[in-house]
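Sequences listed follow chains S and H, in order. Under the working numbering, the first residue of the first sequence is numbered 99, with each subsequent residue one higher. Under the working numbering, the first residue of the second sequence is numbered 6, with each subsequent residue one higher. Yeah, the Cβ is synthetic: ideal placement off N, Cα and C, and Gly gets one too.
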Amino acid sequence: MKKNKKYWKSSEELKKGSKILSEFKNKEFIQKLPEDIFNTNKQALEDSSTNRRDFLKYVGFSTAAASIAACEGPVINSVPYVVQPDEIIPGNANYYASSIADGYDYRNILVKTREGRPIKIKQNKDAISLGECNARVLASVLSLYDSKRLKGPKVNGLDIDWDDFDQKIVSKLKNLYEQDKRVVLLTHTIPSPTTQKIINKFISKFPNIKHVVYDSISSSETLDAFESLFGIRAFVDYDFSKAETIVSIDADFLGDWQGGGYEGGYSKGRIPKSSKGKSSMSYHIQFESNMSLTGANADKRIPCRQEIMKKIVLEIHSKIFDRDFNNYKELSEFDEKNNSIISDVIKRLRKSGKKSLVVSGIQNVEIQKMILEINQKLSSDSFDIENPRIIHQGKNSDVKDLVDGILDGSIKGILTFGIDPGYTLPMGIDFVKALQEVDLSVVFSMKENETSAGAEYIAAVPHYLESWGDYEFKLGHYSLAQPTIQPLFNTRQFQDILLKWSGDNSLYYSEIKKNWNENILKGKSWNKSLHDGVYISNKKFNPKRNKKDFKYNLFSSLNSSNDDSIDLILYTKIGMGDGNQANNPWLQEFPDPISRTTWDNYLTVSVKDAKKFGFKNYNVANGGLNGSYAKIEAAGKEIIAPVLIQPGQAEGTMGLAFGYGKIQGVKEEMQIGVNAFKLYANFQKIQSAKVSLHENKFHEFACIQLHNTLMGRGDIIKETTLDIFNSEDKSHWNPVPVVSKNHIEIPVNSDEVDMWDSFDRSIGHHFNMSIDLNACTGCGACIIACHSENNVPVVGKREVRKSRDLHWLRIDRYYSSEQSFESDNEAVDAISGLGETLTVMDEMENANENPEVSFQPIMCQHCNHAPCETVCPVAATSHGRQGQNHMAYNRCVGTRYCANNCPYKVRRFNWFRYNKNDEFDYNMNDDLGRMVLNPDVVVRSRGVMEKCSMCIQMTQKTILDAKLEGRKIIDGEFQTACSQACGSNAIVFGDINDSDSKIKKLKEDDRSYHLLESVGTKPNVVYQTKITNKDIS
Amino acid sequence: MNRIKIKYLKGVLIPLFFITSLSFNFLFSQEEQILTGKKLFNTHCAACHKVKKKAIGPAMRGVSEKYDREWLYSWIKNSASMIKSGDPQAVAIWEEYNRTAMNAFPQLSNVDIDNILAYADYIPPVPVVAQSLPVSSGGENTGNYNDLILIALVLVFLILTAMLILVKRTLIRIASASGVKIVSEKKPKDNIALSILSAFAKNQFLVISSVILLMLSSGYYVYAWMMQVGIDEGYMPVQPIHYSHKIHSGANKIECKYCHSSARVSKHSGIPSLNVCMNCHKNIAEYNGEEDLENGYDRDFYTNEIKKLYAAVGWDEDNQVYTGKTQPVKWVRIHNLPDHVYFNHAQHVEVANIECQKCHGPVEEMEIMYQYSPLTMGWCINCHRESNIDLKGNEYYKKIHEELSKKYGVEKLTVAQMGGLECGKCHY
């Protein structure tokens, strides 16, 4: 299997004889040394009487003089508490269970605090659902220390104190009430039982106020469908671990579909489980237009346009129900290819029966109803309707009414909380203008934003880590949020303000406690619920279906589009979501799992369409990616966006991500990308658009997909199919590479061919890490967890473009197709010269049309025979007995030999000092942002190498805790930031000298292999071969 | 000056002599009574009462005069019943002290109470310390006086020089007027010194060897000097509050980890928060221990430092309440490890059972805290090479120690053999 598959990271690699690529393969640091900068005035240099020797003398003297003069040490003060809180011990971390509900992400979390500062977010393992944290949730701790936050309430841009603020607004509210004017309270979905009560109380005081729920990314159709069938607005919850056949029609469930958080269950089903000598795993087929994270993980991915997907749902529905609708017949006239796929899908669904699941993200009420019916008919085990998710409530028609009311002036007062309609509404600019005309406009916000720019009053609210909260994300599953730090600024919680305005002086906290004790806990312990962060009651939803027959009105929605317009698909990136954390540098620098591009959004275009419209992508000499600009006309608006050619994008569709192009309350460097919400007309993610090439200019991307290219070594990913995995021997699909010694082929891991002396590592701990390529969805939560645990600096777009990103952990994304390397190599030999993308497009098209995707997290492999250690001239990097490859930063002199000698390209060089440096404006460059630093890990300085330490601070802490308690270490106690953050349990860490440990079993598993085993580095990170389910049903 | 001093001394010494001689008589007769009284006071009363000052209860001195002896007996034995019965004096006290009832002490006999009261009323002889005061104030006076004299002297000298210059000028003028030529003398050359120098310069061997010697010795000193750059051994900064470890840890034998409690569980030993100080200092408002007069640390000095603590923590001594006005103390940090070093106190103090003094030196003798050890990497490593692992029945070490000691063929492993020299153990 392995030999006839070809992997590539970038389209550039498919070009035959790409000069850039050959440079990448041969050079660790692709950039030329910047010596020209110093040679600007060559003549003056040559004329100078100071020769090199003199210069060195002066330098030597002045350095010595300066260092002697600087010998006076600084006076460092230590200020202890006056009264130390009982729970705080300086130097030890405290953990608090809490919840995030920022309008886009709803999760149960665990907050790590040091000396009263939250520094890290972790999964709350006590939570049954919504406990897996994505990159945005993990990065939200940095948003707490956002220097652009509001320091207090404001009126017309001027500071005001809270008492005046309250007085002014309450009198205005009273006026509006007396005149019986329309006032609207616009919030994101707050699935909070107590907040709902508080809002009701507020509205009973001012009955002219209407509460409207607005989700920036609408799921209204899905909710409408559920409501029309079952009477409440909710999402069905799904347990993907129970599904053997997963059919997803445009549902990015590994991304943000219906709130996300499904990766854990999904991955459970993806790991082959052996029973009766035969392994089985789930089968996942994905129909979609954009290349999504979910599609990338699917066994089979069908890129197609929306009409086709709708037809597919119809087809499945009619077949499952075995009803012969006359109308369906003509609709289901697919081409032959689709027909065979559909019949295969239906066969599989029938075969799996209860163990199958159909999900869809199509924005259509009828389609969503059908999906619900299909799953019910299949009586799918994964389909949890008794405890549905209630995290989204927004209704498009309500929001439309509100916007119309504001625009035509019939609404006289508006209060918004947690949302930014000025940014997320397509007519945002008009909305903000209209705000200036209303009698009362109050924005409850943590930061100034597009909406607050037009509002009279801004009520500064705290970050969720400074707040109380109670939630019911899933029916009967309650969560609590508690403050983990004293409010940093003069802020007040939304709920407290509403209570005050309703004339009630009690606080939200006491209201929560009262409400919980009376209505939720019913005698159970409040303290325990607060400690756990979650409380699960036995409340269940009894789905009583509204009796209604099938009456579908699909024909209007199935109009095929005219030929010259394309489907513009607006999507959310896992790193940015709806953009409410746009000022978070961790998320801006987070590489998108699919495009591997940071600091940008862009129009994703298929190769064929790129050719059609004349869009180009090319790499410049330093590896940076450039792309043409496209003019997009949709929804009566025009937008200029850069183009990124995306393999796997369905022809006739283009994608554009939300969350970028925010200006207000965002640092200058992060005001990046274009605002896709402008095209989000009628809250439809699919817009018919006209696209054309815009001027002959090129956009500079900070795309890291070509960085750290692995010298053309093909076997970096091992992959096989379930069939072969079940039928063939390990040596067939996971062979150990052989080397020739005395003309005899010997496995590379045998001692005979090892040049190195081995050390005995059987005593004490020996850490290993296993990464399961089957379980890894590529979501990138581990990258952010690594950032926050290890104080990894943000370097900025300019530096990332120069491949100077400092991510200790990267997730390589490989595309593959059924094409062999051999034929390719011949072709490379035949063609020479640097070709533009277009010239070799024809050969690439097939490969690019629908590639398979593999993700591979790569961090320092902690080789037992580490090539980096032998070349360090100052012994700054060395090996520990516990298997970790140590890096003593202060010893490093920055020769970068180690990085050159590393076959895995995991070492990162600090080209600048990224902290306390005015050249950069990220979290390490202001006092507030530095509060997020982990005090146990040193902040590196300029000119030193850094790399993954296998979180040695965490393993050492675990050991110390065991020593203090005088006990052995239990398996599972050893963790790294990435293994802890991995929601899909793809990363497992532990001690292989513990014979009962999970890692020991994984290391000896048939699927395990080392990266580039033929190099003989003996890494301490093992990978589990990827198995795809290609079985023919 | 001397006269004044003697006069002053006489003034102090004469009454002093009287007091001491009187009290001696008194002392001999009552010594035993006072001593037992002191013991009883410390066991039963000291938690709430001070001799001279108001604490939770009133000051004890003067009580015997203020109240009738019989009343006192019954009050001390059972105050609550007196309050109940409505005794006006008893109720007044009860009201004055926020209706806090005094514990009943039925176990005390009348004699015991007499002894306690005798101790409370006993005024110890004024210590001879008083003598030092005039001396030191005298010293201060001379300081000022000296300055005056110096200024005067400088003035006189200035005037003298000016006068001399004037005289010289007039003399020269007179001389030139009378036709005398003034020839300035030239110094004779120091021929002997020069000849030695030239002889030395001619002897090349001598020159070279002395140059080498000079370079070597200066190199040695320069190296030694350079090596102590950044090493703050002996660093003894002035602290905002003169906290004496000698008194706390030495004289009063307070366990280090009572105040530095986080050393047991955390990487930091922790500077105690002020509420920890107040555990004791709520009752200890003044210093009565030994003095170090040579350095000017007398009782008032120490008591004054305690007042600084009260100001910082916001303790109103008179009303025995916290005012809430606090002023955190900015201590000057003495032991500073660089950021790239990870050091954990709990590992060393609790797991390895190392005495604090091993690294911090004889803290119990330090009047002012200073850095005892160099805190260099070499110093750390030396200790790791020499020290054995303290197993202490620690289950964690059991297996690894067994296997490793077999491997190295030793009875007890050193920290280094355990992996304590690996870079990544301290640098991450």
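* Consider the Cβ of N923(S): report whether some Cβ of chain H lies at a distance smaller than 9 Å. => With a pLDDT of 42 at N923(S), under the threshold of 50, the modelled position of this residue cannot be trusted; read the value that follows with caution. Chain H, which has no Cβ nearer than 9 Å to the Cβ of N923(S), makes this no.
* To do: Would you decide whether Q356(S) is buried or exposed? Buried here means 16 or more other CB atoms lie within 10 Å of its CB.
  => buried
* Which parts of the segment 23-95 of chain H are runs of the alpha helix (DSSP H), unbroken and 4 residues or longer, counting only runs that do not cross its ends? -> 68-71, 74-82, 84-90
* Where Q1073(S) sits in the DSSP three-state scheme -> coil
* Asked: Using a C-beta to C-beta distance shorter than 9 Å, which residues of chain H count as neighbours of K611(S)?
  -> Neighbours of K611(S) on chain H: none; closest Cβ ~27 Å, over 9 Å.
* Could you confirm whether any beta carbon from chain H is found closer than 9 Å to the beta carbon of D940(S)? => Note that D940(S) has pLDDT 42, beneath the 50 cutoff, so the model's placement of it is unreliable and the number below is only indicative. It does not: the Cβ of D940(S) has no partner Cβ on chain H nearer than 9 Å.
* Exposure of G414(H), with buried meaning 16 or more beta-carbon neighbours within 10 Å -> exposed
* **Coarse secondary structure for W230(H), derived from DSSP in three states** => helix
* Asked: R1005(S) touches chain H at which residues, Cβ-Cβ below 8 Å?
  -> Neighbours of R1005(S) on chain H: none; closest Cβ ~15 Å, over 8 Å.
* C1076(S) and P955(S): beta carbons closer than 9 Å? -> yes
* Using the Cα positions of V270(H) and G516(S), report the straight-line distance between them to the nearest angstrom. => 41 Å
* By the 10 Å Cβ neighbour count, where 16 or more other Cβ atoms means buried, how is T968(S) classified, buried or exposed? -> exposed
* Asked: Which residues of chain S have a Cβ atom closer than 8 Å to the Cβ of V270(H), listed in chain order?
  -> I187, N190, L1062
* For A439(H), three-class secondary structure by DSSP -> A question about residue 439(H) goes unanswered here, because the residues of chain H that appear run from 6 up to 433.
* Starting from P178(S), find everything on chain H with Cβ-Cβ shorter than 8 Å and list it in chain order. => G275, I276, P277, S278, L279, P333, V334, W336
* Would you please verify whether the beta carbon of Q356(S) is less than 9 Å from any beta carbon of chain H? => no
* Asked: Hey, does I1050(S) have any beta-carbon neighbour from chain H nearer than 9 Å?
  -> yes
* To do: Verify whether the separation of the beta carbon atoms of D322(S) and M407(S) is less than 9 Å.
  => no
* Simplified DSSP assignment, three categories, for R421(S) -> coil
* To do: Please decide whether V173(S) counts as near chain H, where near means a Cβ-Cβ distance under 9 Å.
  => yes
* How big is the Cα-Cα spacing for T818(S) and R1105(S)? -> 10 Å
* To do: Since I believe I440(S) is in contact with I465(S) (beta carbons under 8 Å), could you give me their beta-carbon distance rounded to a whole number of angstroms?
  => Actually they are not in contact, since the Cβ atoms of I465(S) and I440(S) sit about 15 Å apart, beyond 8 Å.
* Closest to I418(S) by CA distance: which of R446(S), K435(S), C402(S), W854(S) is it? -> R446(S)
* What residues in its chain sit with their C-beta under 7 Å from that of T328(H), if we drop five residues either side in the sequence? -> G319, D321
* Please confirm if N103(H) has its CB atom under 9 Å from at least one CB of chain S. => no
* Spatial neighbours of T582(S) within its chain, please: CB distance less than 6 Å, with the 5 preceding and 5 following residues excluded, ordered by chain position. => Y194, V209, T211, P216, L563
* Asked: Are the segment 98-114 of chain H and the segment 46-62 of chain H in contact at 8 Å, needing three or more beta carbon pairs?
  -> yes
* To do: Give the range of the alpha helix (DSSP H) segment to which Y248(H) is assigned.
  => Where Y248(H) is concerned, there is no enclosing alpha helix (DSSP H), given that its DSSP letter is neither H nor E.
* Asked: Any C-beta of chain S sitting closer than 9 Å to the C-beta of I405(H)?
  -> yes
* In chain S, which residues lie less than 9 Å from V172(H) when you measure between Cβ atoms? -> Per Cβ cutoff of 9 Å: no residues; V172(H) is ~49 Å from chain S at best.
* **Residue closest to T1074(S), alpha-carbon to alpha-carbon, out of L1062(S), K1066(S), T1056(S)** => T1056(S)
* To do: Quick one: measure Cβ to Cβ for Y569(S) and S317(S), integer angstroms, because I've assumed they're closer than 8 Å.
  => With a Cβ gap of about 18 Å, Y569(S) and S317(S) do not count as contacting.
* What does DSSP give as the partner residues of K210(S) in its beta bridges? -> Y193(S), K218(S)
* Kindly indicate the opening and closing residues of the beta strand (DSSP E) around R908(S). => 908-915
* If you run the structure through DSSP and keep just helix, strand and coil, what is H309(S)? -> strand
* To do: Give me whichever residues DSSP pairs with F542(S) in a beta bridge.
  => F515(S), A557(S)
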